[in-house]
Amino acid sequence: AYSASHMNGEDKKPSWYIPNFAMAFKKGKGAVFISLCMPEGVEFLEFRKPQGGMPIVSYLGLDLDAVQMGVLRGLGLTARAGSVELPMLSYVKASRYWLQGRLGGAYTITDSFAFAGGISCSYYSADRSAGVAGQGTIDKIERNALGWSGFAGFMIGPPNKFVRAAFYETQVIARGKEKNVKYNYTHMTEQRYPDSLLIGFNIKTGDGASLQFSYQVAFTGERR
Numbered sequence: 074a075y076s077a078s079h080m081n082g083e084d085k086k087p088s089w090y091i092p093n094f095a096m097a098f099k100k101g102k103g104a105v106f107i108s109l110c111m112p113e114g115v116e117f118l119e120f121r122k123p124q125g126g127m128p129i130v131s132y133l134g135l136d137l138d139a140v141q142m143g144v145l146r147g148l149g150l151t152a153r154a155g156s157v158e159l160p161m162l163s164y165v166k167a168s169r170y171w172l173q174g175r176l177g178g179a180y181t182i183t184d185s186f187a188f189a190g191g192i193s194c195s196y197y198s199a200d201r202s203a204g205v206a207g208q209g210t211i212d213k214i215e216r217n218a219l220g221w222s223g224f225a226g227f228m229i230g231p232p233n234k235f236v237r238a239a240f241y242e243t244q245v246i247a248r249g250k251e252k253n254v255k256y257n258y259t260h261m262t263e264q265r266y267p268d269s270l271l272i273g274f275n276i277k278t279g280d281g282a283s284l285q286f287s288y289q290v291a292f293t294g295e296r297r
């Protein structure tokens with residue numbers, strides 16, 4: 074939940090279900106694998122303040138262009154704060170998700186050391202709508218982008234007992250189109266997914282069974 078300048082918002086729904094699929098083919102000392110996953114599930118966001126609107130959140134968060142501001146001005150839905158013109162919207166709703174497909178291979182160098190690497194294709198999809206409660210939607214945007222990245226890592230330990238692993242994945246820079254559904258025009262957009270490091274281990278517990286644990290750190294732009 075968020076509260077800023079007497080305006081409230083919340084991530085209103087968790088992602089209870091995040092689909093994952095993987096398949097591997099092994100021959101000799103090598104293997105190839107493919108996987109498909111949603112790394113974060115579907116994210117939902119909602120800001121709402123029916124009484125008095127939410128001009129600061131709308132101004133800072135929506136980045137409305139001249140066409141959108143002109144329409145709001147014509148409808149009397151803007152207000153002046155000195156030299157700044159603020160949109161008087163009362164709600165913003167948004168959702169987004171990443172879908173990642175991977176193709177990779179692994180090779181056993183010794184009985185206790187293996188190397189793996191490959192490429193990832195990442196698809197980004199998002200939508201956002203904003204408007205005035207009881208009067209309809211003023212702004213509606215859909216974004217779609219596609220980007221490529223790579224990953225590499227290693228596994229250490231006897232596979233029939235205990236294996237430790239570390240994998241690094243490069244940053245995704247996805248490019249695509251942003252479509253303004255309300256005003257029917259598009260322009261290019263760019264979305265980024267941070268590089269990350271995953272560390273884990275696998276414990277063999279019996280014939281055909283094992284336990285796997287992993288921890289992943291994403292390196293955002295705030296890292297030093």
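Numbers 74 to 297, taken from the working numbering, label the letters of the sequence shown in order. The beta carbon of each residue, even a glycine, is placed where N, CA and C say it ideally should be.
Going by C-alpha distance, which of the options is nearest residue i?
i    : options                : result
W171 : G209, A218, A203       : A218
G177 : T278, R265, L145, A97  : A97
R201 : V236, Y132, H260, S168 : S168
K257 : I229, M228, D212, G249 : A small fix is needed here, since residue 257 is Asn in this sequence, not Lys. Nearest C-alpha to N257: D212.
N253 : I276, A238, A139, L270 : A139
T278 : P232, A239, I272       : P232
Y266 : L284, K255, E251, Q244 : Q244
L270 : T210, A225, M142       : A225
S222 : P112, G155, D268       : D268
Grab me the residues of residue i's own chain with a C-beta within less than 6 Å of its C-beta, minus the 5 sequence neighbours each way, in chain order.
i    : result
K86  : F117
C110 : N93, Q173
I107 : M96, L176
A179 : A104, A187, A189
F303 : Given a span of 74 to 297 for the chain in the structure shown, any question on residue 303 remains unanswerable.
F227 : F188
In angstroms with no decimal places, state the Cα-to-Cα distance between residue i and residue j.
i    : j    : result
A187 : T181 : 4 Å
Y241 : L148 : 51 Å
V105 : K99  : 7 Å
Y132 : V144 : 15 Å
Q208 : G190 : 52 Å
S195 : A247 : 7 Å
F120 : K166 : 7 Å
T183 : S193 : 26 Å
I272 : F286 : 9 Å
I129 : S88  : 29 Å
F274 : A291 : 18 Å
T262 : G220 : 12 Å
L135 : S185 : 52 Å
T293 : Y197 : 17 Å
Contact defined as beta carbons within less than 8 Å: I believe residue i pairs with residue j. What is the distance between those atoms, to the nearest angstrom?
i    : j    : result
L150 : V205 : 7 Å
Please name the residue or residues paired with residue i in a DSSP beta bridge.
i    : result
R175 : S108, S193
L270 : Y241, V290
R216 : A199, E251
Among the residues of its own chain, which have a CB less than 7 Å from the CB of residue i, if the five just before and after it don't count?
i    : result
E215 : D200, K252, V254
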